[in-house]
Amino acid sequence: MGKPKSPRSLADNEAKAVNRMLRVSPQKLNLVASMIRGKKVDAALADLTFSRKRIANDVRKTLESAIANAENNHQLDVDSLVVAEAFVGKALVMKRWKPRARGRVGRIQKPFSNLTIVVREVEETA
Numbered sequence: 118m119g120k121p122k123s124p125r126s127l128a129d130n131e132a133k134a135v136n137r138m139l140r141v142s143p144q145k146l147n148l149v150a151s152m153i154r155g156k157k158v159d160a161a162l163a164d165l166t167f168s169r170k171r172i173a174n175d176v177r178k179t180l181e182s183a184i185a186n187a188e189n190n191h192q193l194d195v196d197s198l199v200v201a202e203a204f205v206g207k208a209l210v211m212k213r214w215k216p217r218a219r220g221r222v223g224r225i226q227k228p229f230s231n232l233t234i235v236v237r238e239v240e241e242t243a
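Pasting the structure below:
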């Protein structure tokens, strides 16, 4: 009796993975996400594996999850996947305070981010 099933928000040749509450600012995470946009997944994984950014490991795990979703849930070919979208959103910001001179206070902001990666299967053009 419940609600009807909601339609799928992605196309039939797409799969996505979302990683929420990453402890990095959205600006820094977007630098890594822009590094993989539009690339084939094997090239993107290689770039993330050898990146010197701290958050690149979490982005790699999210990309691997999107690849696994494409393979297992939607029966897409892993060898023909490209990173169609990789976008970053803001999550909460923890506020902390540090005592400063003359009774003042210094505000410390610890931002969190959300990461969404969409992979798409493309047919090879020979």
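Using my numbering, the first residue of the sequence shown is number 118, and each one after it goes up by one.
For each residue, glycine too, the CB sits at the ideal point set by N, CA and C.
None of the values given here were measured: they were computed from a predicted structure.
In the DSSP assignment, Q226 forms a beta bridge with K212.
The beta carbon of K207 lies closer than 6 Å to those of P143 in the same chain, with the five residues before and after it left out.
Three or more beta-carbon pairs separated by less than 8 Å are not found between the region 159–170 and the region 208–218, which leaves the two stretches without contact.
Taking C-beta separations shorter than 7 Å and ignoring five residues to either side along the sequence, the partners of L193 in its chain run N130, A132, A187, E238, following chain order. Within the model, the alpha-carbon separation for L198 versus G119 is close to 35 Å. In this structure, the beta-carbon distance from I172 to V141 falls below 8 Å. Taking 8 Å as the cut-off, the beta carbon of A203 is found closer than this to the beta carbon of I234. With 16 or more other Cβ atoms from the protein chains shown falling within 10 Å of its own Cβ, I153 counts as buried. Apart from sequence neighbours up to five positions away, the residues of its chain that approach K156 with a beta-carbon distance below 8 Å are D164, V199, V200, ordered along the chain.
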